[in-house]
Amino acid sequence: MAADRARLRGPEATPGESRSWWLREALAADAGTPCPPLEGRVRADVAIVGGGYTGLWTAFHLKQADPGADVVLLEADICGSGPSGRNGGFMYGLWDDFAVLADLFGTQEAARVGHASERAVDLAVDLFREADIDIWLQRAGHLIVSTSPVFDEGLDEIRQLQSREGFPADFYQMLSASEVADRCRSPQFRAGALQARGATVQPARLARGLRALVLAAGVRIYEGTPVDLIQGGSTVEIVTRGGEVAADQAVLGLNAWSNQIPGFRRSIIPRASHIVLTEPAPDRLREMGWTGGEAIGDFRATLNYLRTTPDGRIAFGAATATPGHGTDGRMSNDASWYERLEGRLRRWFPEFRDVAIDSVWGGPIDVGAHHVPFFGSIWGGNVHYGMGYTGGGVGPCVLGGQILSSLVLGRQDEFSSLPLVGFRSKRFPPEPLLHIGARLTLEAILRTDDAWEAGRPGNRLLATLARLPRRLGYNLGH
Ligand SMILES: Cc1cc2nc3c(=O)[nH]c(=O)nc-3n(C[C@H](O)[C@H](O)[C@H](O)COP(=O)(O)OP(=O)(O)OC[C@H]3O[C@@H](n4cnc5c(N)ncnc54)[C@H](O)[C@@H]3O)c2cc1C
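The numbering used here applies: residue -16 is where the sequence shown begins, and numbers increase by one.
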């Protein structure tokens, strides 16, 4: 049995230019109230580790449900410096995972998760609107496009999903190639499907705005406070670089860094996603007809995702590499990936061939075995966790915060009773098999995606290897 303790190594601070463009923009608009590092020993009812969406939404919902709760939040760098301030800003619920959820938990429970996740997104939208915090919200929909004949199969899967019992029949609107072109012209695009309720946000404004709301609710936030050790017990003892916290309960919102917690080492594989952002070129977007603000994704297993900004830039991102078992370094910055993404961007949008790349960044994502997040309590029940968003946490973290808040408060309710709670996802193989297997299969998936995107059939051996994780029951997706 693993001891009820975890030694952690948080990310180093990433000040200045090495922060994502989103975070620099958000900090320039509003630096927020300073939250200096923890010094000395403090007590709290609840200590939350991690100042991304999971930690912040948990703090928010906790204070909503129990305004008297004494909550501290500990963040190694600054709130929103992790993937929560670096992502693509696509905000959606968990309906896209309906088929997996139905396989795992049955149709009814899958629908319950879908509805709860959709209500959570609506809650976030209303909250920021009412608080008059500008998160650049656009509800212009998500457009999923086929980029080669092989990927047309993805559209058939959407049609099948649409007709399943429990799935909202009007969730997707199927679009012909010319209807896709009416929304955005690209020589790469074929037919597609529009998920009209999908939204985009400025992700770091969301994280920093939420930080402001949480501070206003009375949560004590300590930034620049990496947690080195968590020790379970009736009082949870947390040791940080400069201080200590004793708390009745703790919440771990650590994303890909969760794989340092004993018992979870094989539940999560950290994998990277990178983004290149162009200079503004609103006239070029007008030429391409991409002025409606739709976010666009494709059917690659190593998803390409792209969107515009209000000043006319394109942010072009993709699920990229698994360099090893770490979470930092090349996960956050990898020149070889920026070159590949820039190549794709210019091929897809010849109008942008001479528009310079202004900024580049990346970050780790917490790939779980089933592509759905999971939550629960460990070490006697007073340490709670949420992880496994697998690159899709902007919307689901709102629900994650509701779930974790209910777990802290010991409530049996619509959130704590969801099947994502207490569900132990399939474990990945042990090392060194995991490392070698992940690298080999990911390379095969990437090469197969590249061949298909270029309209080539691809190498049969690689395609077989690329399908191996799914055959073994892992739905790694993007
Ligand atoms: C490039 C990229 C693009 C993405 N695009 C999308 C998208 O368009 N839509 C979508 O839904 N999802 C997207 N995602 C995923 C999404 O960003 C995440 O699922 C979400 O941000 C997870 O939030 P979190 O709070 O769980 O994790 P994080 O935001 O990673 O927060 C965890 C925090 O814990 C802190 N931490 C770690 N270790 C310690 C420690 N020892 N002590 C103290 N603090 C510690 C970290 O500094 C970090 O701030 C993307 C991710 C990346 C990297």
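C-beta: ideal position from N, C-alpha, C; glycine also. The structure presented is a predicted model; accordingly, all values stated were derived computationally and were not measured.
Coarse secondary structure for residue i, derived from DSSP in three states
i, result
"N365", "coil"
"E414", "coil"
"E484", "With the chain covering -16 to 461 only, the question about residue 484 has no answer from this structure."
"R407", "coil"
"F43", "helix"
"F247", "coil"
"F73", "strand"
"Q121", "strand"
"Q385", "helix"
"I116", "coil"
"G68", "helix"
"S256", "strand"
"A500", "One cannot answer for residue 500 here, as it falls past the ends of the chain, which runs -16 to 461."
"I428", "helix"
"D105", "helix"
"T183", "strand"
"T90", "helix"
"I419", "helix"
"S3", "coil"
"E220", "strand"
"D(-13)", "coil"
"P226", "Residue identity check: residue 226 is Gly in the sequence provided, not Pro. If DSSP states are grouped into helix, strand and coil, G226 belongs with the strands."
"H461", "Note that H461 scores 47 on pLDDT, short of 50, meaning its location in the model is unreliable and no value can be drawn from it."
"P(-2)", "coil"
"G23", "strand"
"Y205", "strand"
"D79", "helix"
"V96", "helix"
"T16", "coil"
Whole-angstrom distance between residue j and residue i, CA atom to CA atom
i, j, result
"G216", "G364", "9 Å"
"L391", "P50", "Note that residue 391 corresponds to Val in the displayed sequence, not to Leu. V391 and P50: Cα-Cα distance of roughly 14 Å."
"R122", "A255", "27 Å"
"E101", "L403", "15 Å"
"R2", "N70", "12 Å"
"R(-12)", "G441", "47 Å"
"R24", "L39", "22 Å"
"G225", "P20", "7 Å"
"F88", "A352", "15 Å"
"G181", "C18", "33 Å"
"D341", "W273", "20 Å"
"E58", "A195", "15 Å"
"M(-16)", "F247", "For M(-16), the predicted model reports a pLDDT of 46, less than 50, meaning its position is unreliable and no value from the coordinates is stated."
"D117", "P415", "46 Å"
"R203", "R443", "55 Å"
"T16", "Y205", "11 Å"
"A12", "P245", "40 Å"
"D60", "S169", "39 Å"
"M271", "R191", "33 Å"
"G456", "A284", "15 Å"
"I386", "G76", "14 Å"
"C62", "V366", "21 Å"
"F134", "Y288", "15 Å"
"L45", "A52", "7 Å"
"F111", "T183", "13 Å"
"I141", "A318", "35 Å"
"D139", "G175", "10 Å"
"L6", "R313", "19 Å"
"G124", "G275", "9 Å"
Anticipated Cβ contact below 8 Å, residue i with residue j, distance rounded
i, j, result
"V259", "L328", "6 Å"
"V234", "V29", "7 Å"
"G369", "V355", "Not a contact, Cβ separation roughly 12 Å."
"G186", "G68", "Reading off the sequence, residue 186 comes out as Pro, not Gly. Rounded, the Cβ-Cβ distance is 6 Å, consistent with contact."
"T41", "S388", "6 Å"
"N316", "G65", "Contact flag wrong, Cβ pair sits at about 14 Å."
"Q243", "L(-9)", "5 Å"
"Q171", "Y155", "That belief does not hold up - the Cβ atoms of Q171 and Y155 are roughly 20 Å apart, past 8 Å."
"F81", "L144", "6 Å"
"S408", "S250", "6 Å"
"S129", "R173", "4 Å"
"V197", "V381", "So it is not a contact: roughly 13 Å between Cβ atoms."
Residue-chain proximity (residue i, chain C), Cβ-Cβ < 8 Å
i, result
"F111", "Absence of chain C from the displayed structure is noted, only one protein chain being present."
Residue i beta carbon near ligand 2 (any heavy atom closer than 7 Å)
i, result
"L286", "Among the ligands modelled here, namely ligand 1, ligand 2 does not occur."
Note down, one range per segment and in chain order, each beta strand (DSSP E) of at least 3 residues found wholly within the stretch 280 to 363.
287 to 291, 297 to 302, 340 to 350 and 357 to 361
Please specify which runs of the beta strand (DSSP E), each continuous and at least 3 residues long, are wholly inside the stretch 130 to 180, giving them in chain order.
155 to 158 and 175 to 178
Measuring CB atoms only, is the stretch 415 to 432 touching the stretch 443 to 453, in the sense that at least three cross pairs come out at less than 8 Å?
yes
Counting Cβ pairs, one atom from each stretch, are 3 or more of them under 8 Å apart for the stretch 264 to 272 and the stretch 283 to 296?
yes
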